[in-house]
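Student:
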């Protein structure tokens with residue numbers, strides 16, 4: 262199983278790519294993938310990270326499914 | 005909606021006018037020329053921003069007695085003075101339109117996945 266992870270704004274700059282596929286195990290939660298990403302890119306800890314799942318704000322405890330789209334970004338600043 | 009092109013607030017107002025509307029409140033956000041700022045880069049997570057904007061419009065219709073809502077947000081590189089965002093609310097009476105317009109811009113800034121970066 263895998264999920265697509267997209268990065269925006271400062272999080273994209275830290276990770277150095279717009280998106281990547283991440284292999285997940287059965288029962289993995291949204292927060293688990295964030296921890297994995299922080300391990301890989303420790304500078305993400307410097308940002309307040311917001312996450313969404315399939316284009317909606319989501320709770321960290323939600324369980325991921327195959328082909329989900331996760332997005333990682335800093336607090337929004339539009340308008 | 006999201007657009008790389010500039011928009012005309014006059015054209016948006018004309019498009020919204022109809023007999024049941026007695027007042028249209030508009031908010032126009034522009035690039036402020038703070039010290040050292042020449043351009044602003046606007047990045048949007050489009051798929052999610054579209055959903056969030058639709059949700060915001062529905063909420064505004066539920067909370068306020070209004071007839072019409074339009075929101076336009078620019079993306080890409082913008083110079084000082086250029087338009088960034090337009091919010092238009094049409095209602096029978098002005099008070100509800102003012103309240104809804106303020107609600108929409110406040111919530112947009114809190115929730116819609118858009119980022120501005122100063123260059």
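Protein chains in written order, with the numbering used here: chain L, 262 to 340; chain P, 5 to 123. Glycine residues also receive a C-beta, built at the ideal position from the N, C-alpha and C atoms.
What are the complete alpha helix (DSSP H) segments, minimum 4 residues, inside the region 64–93 of chain P?
Tutor: As far as the region 64–93 of chain P is concerned, it has no whole alpha helix (DSSP H) run of at least 4 residues.
Student: Are the region 272–279 of chain L and the region 296–314 of chain L in contact at 8 Å, needing three or more beta carbon pairs?
Tutor: With a cut-off of 8 Å, the region 296–314 of chain L and the region 272–279 of chain L count as touching, because enough Cβ pairs lie within range.
Student: Per DSSP, residue 323/L forms a beta bridge with which residues?
Tutor: Partner(s): none; residue 323/L has no beta bridge.
Student: With 16 as the cutoff for other CB atoms within 10 Å, does residue 62/P come out buried or exposed?
Tutor: With fewer than 16 other Cβ atoms within 10 Å, it is exposed.
Student: In the DSSP output, which residue or residues are listed as bridge partners for residue 267/L?
Tutor: According to DSSP, which records beta bridges pairwise, residue 267/L is partnered with 280/L, 332/L.
Student: Verify the CB distance criterion: does residue 317/L have a CB-CB separation below 9 Å to chain P?
Tutor: Closer than 9 Å: yes.
Student: Short of 6 Å in beta carbon distance, which residues of its chain neighbour residue 334/L, apart from the five on each side in sequence? Order them along the chain.
Tutor: Within the same chain, residue 334/L has close Cβ partners 269, 270, 272, 311.
Student: May I have the straight-line CA-CA distance separating residue 46/P from residue 88/P, to the nearest angstrom?
Tutor: Going from the Cα of residue 46/P to the Cα of residue 88/P covers about 9 Å.
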